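Engineer: Handing you a structure now.
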């Protein structure tokens, strides 16, 4: 068989826009994984294709993804981005490939975000070659594609520590390096920040460049347009690079494959890329009018301008309407083109706001990423040769999965239940819901504000929307929750995933504030399960609450192994009622809210070993708070500890409020809250973070002991 | 059989949407030998094509710059001429083969995209049937990219032109004002 092996970096793979997965076979050759496209056509056609592929590529390179440290002669010479200026275009291309090898090697050992960085290797190299950080400011939207940037800006030696405790952050961080112009993590902020920096530069009379790199996925958020509009109006010099890899809607994947692009925006961008159709149509139209004659000329002219608006120019004219100059599409994997365009724009005295539309492929250059349905966007440790991730086998599954299953169980019986998420299909577990009820699951793109009000609209028509949004992402939609949902008392249910500390993603994704900002709303029912069974019951409870909004929060992580209700169908809990888990005979009570209850139980056991009998209760509801339980605990005990994995202003504050107003703090009771400290906890493992926050079972026990007037070494 | 492209009706046959397969089904009733050869026909046709090296344009009898209307007219004429049902009985095979090729030629040339690719191939001296679709997709990507380059080059020159006059006195945008101020400051220094 004529085995034509394609060079991985230049394999022209199809995009999965219709969910179609071609058949692939992976070959291993000298430790390099390649993918061969099996089209079923005759062999000679494939050979022709290979030959054409080789003709088309200027530089052929086999990349080393063997798992051993890659040899990177060019990259070794770069200690500061200014060193890239000495390289020729050829060398820059090679540097981009070396960066790819380095990224794959690093991320295979640490886990993290992979394919985003692979897609922008050439772009990063070109940007640093043309511009001068830190004087020039490059802002990476979201920031998960900034690994090559970090490598080039003097952090290569620390890349092995990325996303780990005391290591490099997984996103740009101003405190980490002067080359990180702005901290990102939530999407669609780069243009706004860039505009601010550009205006600041103008006011201070400086003349550096400001470049914002934003992806097509992030362009679904309204904030990006707010910024574009303002940029167009202000007319200041600003370069916006739209990194388009046709991945509108974060491809955390449905069960069956990649999530196809969301919305009309992707169509518009797609049209921008294929001006060919537009030109062809024009030619055809011209041909016809030539035949038919003069009178149709007017019609043809209108046709021309209409088609320009509809076909080739629709996206371009959108940006131009906003006052930005559109350049593109530019091949994002061709360093020569990128450097040329960037240099040209840089050399102009007054370009104003310019948008450069760059086309890239996510995961480019690493075959397992290119062909994976989710493009290996976020990965744990994996084997670089095959791309296989080493996921830990755990006895229990994640809270996300339990949530999705119980929602499906509810939706089975109630066809008014619909699911809404903001481009986090896999992350929220609604991909399972989508598979089951494809017409009842809505992905709105990265647009939390819209998601909330959209849900409000649904609720006003009598449907039962479940909005599954991460705690830190819901922050963006707070006004919508307050004004559109709570004020009108619309029964929208919020399933708040990633509540509390989240581990490697760090403070940008930390869900510390949701209890605080939701429990202060007058009409909201706020609850938190202590384990997966409770979670399922709370899903049922939320489904049953039809006269007001409700929410429940659960953390990142796996369940504890509690017994699930049959068929994952929960039973609604009594609203505003907590439960006592462990009846103690002493003076101490610990009241937990959320999964921290498990740590409270452990603390009780530790105290038991010291002869202290402790009552442990699970509050279940922050709002309406279980007043009877609080009174009982306050009257029957002398020490009350409340614990939650949230910031000040949340559950413990509501407890204190209740106790005060009911005179329960006027007596012998000693009450202490245990909340997240009033500072941002750096990224690291979740375990390290909890330790840093002081919310482990040993810390809870130590607090009790300190109140009892005793200290114990080794606690 | 009535072909949907407006051939004269042959009495006693049903109107049917034409396709190469159905024409052979019709043939099968009248000419047994052709049924066995059905499979080889297509391959043979391709090989013959390649060997004869008659381009689609020559096949249709039009110039390479023919408009889509000319292509359509030529196709209609030839389809009428070579249709199996109206071809002389002793030359059915040959005519049918021709018919298929004419059909292919029309399908390629009437689609502007495919035509462009075909023209490119012709220039390179390669002539293949349109069934090599995957190749065309790949070539399309290459085509796209070179078109992109032309496009952004012209965009860049336009931007340069605009940028020279951008901060003229009349432009009162915030950015223009700031740039003018800075210019004046640097002139003073």
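Residue numbers (the UniProt record's numbering), protein chains in the order written: chain A, 1 to 715; chain B, 1 to 189. Just so it is clear, CB atoms sit at the ideal spot from N, CA and C, and this is done for glycine as well. Here the structure is a predicted model, which is why all the values come from computation and not from measurement.
Suppose you measure from the CA of residue 439 of chain A to the CA of residue 85 of chain A; what does that come to, to the nearest Å?
Structural biologist: Taking the first residue of the first chain as 1, we reach residue 439 of chain A at position 439. Taking the first residue of the first chain as 1, we reach residue 85 of chain A at position 85. Roughly 53 Å between the two C-alpha positions.
Engineer: What do you reckon, are the CB atoms on residue 109 of chain B and residue 68 of chain B nearer than 9 Å?
Structural biologist: In the second chain, residue 109 of chain B corresponds to position 109, counting from 1. In the second chain, residue 68 of chain B corresponds to position 68, counting from 1. Contact: yes.
Engineer: Relative to the C-alpha of residue 627 of chain A, which residue among A/602, A/110, A/596, A/664 is closest?
Structural biologist: If you number the first chain from 1, residue 627 of chain A lands on position 627. That would be A/664, whose Cα lies nearest to the Cα of residue 627 of chain A.
Engineer: Could you check the C-alpha separation between residue 336 of chain A and residue 67 of chain A for me, to the nearest Å?
Structural biologist: For the purposes of this step, residue 336 of chain A is taken as the residue at position 336 of the first chain. For the purposes of this step, residue 67 of chain A is taken as the residue at position 67 of the first chain. Cα to Cα, residue 336 of chain A sits roughly 30 Å from residue 67 of chain A.
Engineer: Have a look at the DSSP bridge pairing and note the partners of residue 465 of chain A.
Structural biologist: Reading the first chain from its first residue, position 465 is the one you call residue 465 of chain A. Per DSSP, A/418.
Engineer: Which whole-angstrom value is the C-beta distance of residue 613 of chain A and residue 553 of chain A, which I expect to be below 8 Å?
Structural biologist: Locating residue 613 of chain A in the first chain gives position 613, where the first residue counts as 1. Locating residue 553 of chain A in the first chain gives position 553, where the first residue counts as 1. Wrong, their Cβ atoms sit about 30 Å apart, outside the cutoff.
Engineer: With distances taken between CB atoms, is the gap from residue 110 of chain A to residue 152 of chain A smaller than 9 Å?
Structural biologist: On the first chain, position 110 is the one that residue 110 of chain A refers to. On the first chain, position 152 is the one that residue 152 of chain A refers to. No, Cβ-Cβ distance for residue 110 of chain A and residue 152 of chain A is not below 9 Å.
Engineer: Do residue 98 of chain B and residue 78 of chain B count as a contact pair if the criterion is CB distance below 9 Å?
Structural biologist: Translated into the one-based positions of the second chain, residue 78 of chain B becomes position 78. Translated into the one-based positions of the second chain, residue 98 of chain B becomes position 98. Yes, Cβ-Cβ distance for residue 78 of chain B and residue 98 of chain B is below 9 Å.
Engineer: Return the first residue and the last residue of the beta strand (DSSP E) that residue 617 of chain A is part of.
Structural biologist: By 1-based counting over the first chain, the position of residue 617 of chain A is 617. Residue 617 of chain A -> beta strand (DSSP E) spans 614–618.
Engineer: Here's a check: name, in chain order, each residue in its chain whose Cβ is nearer than 7 Å to the Cβ of residue 100 of chain A, leaving out the five neighbours to either side.
Structural biologist: Here residue 100 of chain A refers to the residue found at position 100 of the first chain. Once the five neighbours on either side are set aside, the close Cβ partners of residue 100 of chain A are 63, 118, 121, 365, 366.
Engineer: Helix, strand or coil for residue 210 of chain A per DSSP?
Structural biologist: Position 210 of the first chain, counting from 1, holds the residue named residue 210 of chain A. Residue 210 of chain A: strand per DSSP, three-state reduction.
Engineer: When DSSP labels each residue in this structure, what does residue 437 of chain A get in the three-state scheme?
Structural biologist: The sequence position of residue 437 of chain A within the first chain is 437, counting from 1. Reduced to three states, the DSSP call for residue 437 of chain A is coil.
Engineer: Alpha carbon to alpha carbon, what distance is there between residue 228 of chain A and residue 532 of chain A?
Structural biologist: Against the first chain, residue 532 of chain A aligns to sequence position 532. Against the first chain, residue 228 of chain A aligns to sequence position 228. Cα to Cα, residue 532 of chain A sits roughly 44 Å from residue 228 of chain A.
Engineer: Give me, in chain order, the residues of the same chain whose beta-carbon lies closer than 8 Å to that of residue 633 of chain A; leave out the 5 immediate sequence neighbours on both sides.
Structural biologist: The residue labelled residue 633 of chain A in the question sits at position 633 within the first chain. Only 589, 591, 615, 617, 640 meet the Cβ criterion.
Engineer: Mind pulling the chain A residues with CB within less than 9 Å of residue 110 of chain B?
Structural biologist: Start at 1 with the first residue of the second chain, and residue 110 of chain B comes out as number 110. Result: empty, since nearest Cβ-Cβ is about 10 Å, beyond 9 Å.
Engineer: Measure the beta-carbon distance from residue 716 of chain A to residue 505 of chain A and round it to whole angstroms, keeping in mind my assumption that it falls under 8 Å.
Structural biologist: The first residue shown for chain A is 1 and the last is 715, placing residue 716 of chain A beyond what the model contains.
Engineer: Might you give, ordered along the chain, the residues of its own chain that have their beta carbon closer than 6 Å to the beta carbon of residue 671 of chain A, omitting 5 neighbours on each side?
Structural biologist: Locating residue 671 of chain A in the first chain gives position 671, where the first residue counts as 1. Same-chain partners within the cutoff: 640.
Engineer: Would residue 623 of chain A pass as a contact of residue 654 of chain A if the rule is Cβ separation under 9 Å?
Structural biologist: Numbered from 1 along the first chain, position 623 holds the residue referred to as residue 623 of chain A. Numbered from 1 along the first chain, position 654 holds the residue referred to as residue 654 of chain A. Taking 9 Å as the Cβ cut-off, residue 623 of chain A and residue 654 of chain A qualify as a contacting pair.
Engineer: Go ahead and label residue 105 of chain B buried or exposed: buried means 16 or more other beta carbons lie within 10 angstroms of its beta carbon, across all protein chains shown.
Structural biologist: As a working note, residue 105 of chain B is residue 105 in the second chain. Label assigned to residue 105 of chain B: buried.
Engineer: Going by DSSP in three states, residue 149 of chain B sits in which element: helix, strand or coil?
Structural biologist: Taking the second chain and counting its residues from 1, one reaches residue 149 of chain B at position 149. Looking at residue 149 of chain B - three-state DSSP - the assignment turns out to be helix.
Engineer: With 9 Å as the threshold, decide whether the Cβ of residue 54 of chain B is near any Cβ in chain A.
Structural biologist: Locating residue 54 of chain B in the second chain gives position 54, where the first residue counts as 1. By this cut-off, residue 54 of chain B is not an interface position.
Engineer: Below 9 Å between beta carbons: does that hold for residue 135 of chain A and residue 177 of chain A?
Structural biologist: As a working mapping, residue 135 of chain A is identified with position 135 in the first chain. As a working mapping, residue 177 of chain A is identified with position 177 in the first chain. No; because the gap between Cβ atoms is not below 9 Å, this pair is not in contact.
Engineer: Go ahead and label residue 200 of chain B buried or exposed: buried means 16 or more other beta carbons lie within 10 angstroms of its beta carbon, across all protein chains shown.
Structural biologist: Chain B is shown only over 1 to 189; residue 200 of chain B falls outside these bounds and no answer can be derived.
Engineer: What is the DSSP secondary structure of residue 370 of chain A, reduced to helix, strand or coil?
Structural biologist: Taking the first chain and counting its residues from 1, one reaches residue 370 of chain A at position 370. Helix at residue 370 of chain A.
Engineer: Please return the same chain residues whose Cβ sits closer than 6 Å to the Cβ of residue 14 of chain A, not counting the five positions on each side in sequence.
Structural biologist: Translated into positions along the first chain, residue 14 of chain A becomes position 14. Summary for residue 14 of chain A: the model assigns pLDDT 37, below 50, so the residue's position carries little reliability, and this model does not support an answer.
Engineer: Buried or exposed for residue 201 of chain A, going by 16 or more other Cβ atoms inside 10 Å?
Structural biologist: Start at 1 with the first residue of the first chain, and residue 201 of chain A comes out as number 201. Its Cβ being crowded by 16 or more others within 10 Å, residue 201 of chain A is buried.
Engineer: Is there a Cβ of chain A sitting closer than 9 Å to that of residue 185 of chain B, yes or no?
Structural biologist: Residue numbering aside, residue 185 of chain B sits at position 185 when the second chain is read from its first letter. Chain A, which has a Cβ nearer than 9 Å to the Cβ of residue 185 of chain B, makes this yes.
Engineer: In terms of DSSP beta bridges, what is residue 494 of chain A paired with?
Structural biologist: Along the first chain, read from residue 1 onward, the residue named residue 494 of chain A stands at position 494. Looking at the DSSP assignment, residue 494 of chain A forms a beta bridge with A/467, A/551.
Engineer: Residues of chain A with CB closer than 9 Å to the CB of residue 65 of chain B, please, in chain order.
Structural biologist: Against the second chain, residue 65 of chain B aligns to sequence position 65. Result: empty, since nearest Cβ-Cβ is about 11 Å, beyond 9 Å.
Engineer: Leaving out five residues before and five after residue 460 of chain A in sequence, what residues of the same chain have Cβ atoms less than 7 Å from its Cβ?
Structural biologist: Here the question's residue 460 of chain A lines up with position 460 in the first chain. Closer than 7 Å at Cβ, skipping near neighbours: 490.
Engineer: Nearest chain B C-beta to residue 203 of chain A closer than 9 Å, yes or no?
Structural biologist: Counting from 1 along the first chain, the entry for residue 203 of chain A is found at position 203. Yes, residue 203 of chain A counts as interfacial toward chain B.
Engineer: Counting only C-beta atoms, is residue 176 of chain B closer than 9 Å to chain A at any point?
Structural biologist: Counted from its first residue, the second chain places residue 176 of chain B at position 176. Yes, its Cβ sits closer than 9 Å to a Cβ of chain A.
Engineer: Quick check: is the beta carbon of residue 77 of chain B nearer than 9 Å to any beta carbon in chain A?
Structural biologist: Start at 1 with the first residue of the second chain, and residue 77 of chain B comes out as number 77. No, its Cβ sits nowhere closer than 9 Å to a Cβ of chain A.
Engineer: Give the straight-line distance between the Cα atoms of residue 700 of chain A and residue 611 of chain A, rounded to the nearest whole angstrom.
Structural biologist: As a first step, residue 700 of chain A is located in the first chain; it is residue number 700 there, counting from the start. As a first step, residue 611 of chain A is located in the first chain; it is residue number 611 there, counting from the start. Approximately 16 Å between the Cα atoms of the pair.
Engineer: For residue 89 of chain A, tell me which candidate among A/426, A/548, A/363, A/74 has the shortest Cα-Cα distance.
Structural biologist: Numbered from its first residue, the first chain carries residue 89 of chain A at position 89. Nearest of A/426, A/548, A/363, A/74 to residue 89 of chain A, Cα basis: A/74.
Engineer: According to DSSP, which residues form a beta bridge with residue 239 of chain A?
Structural biologist: On the first chain, residue 239 of chain A is found 239 positions in, with the first residue counted as 1. Paired residue(s): A/211, A/354.
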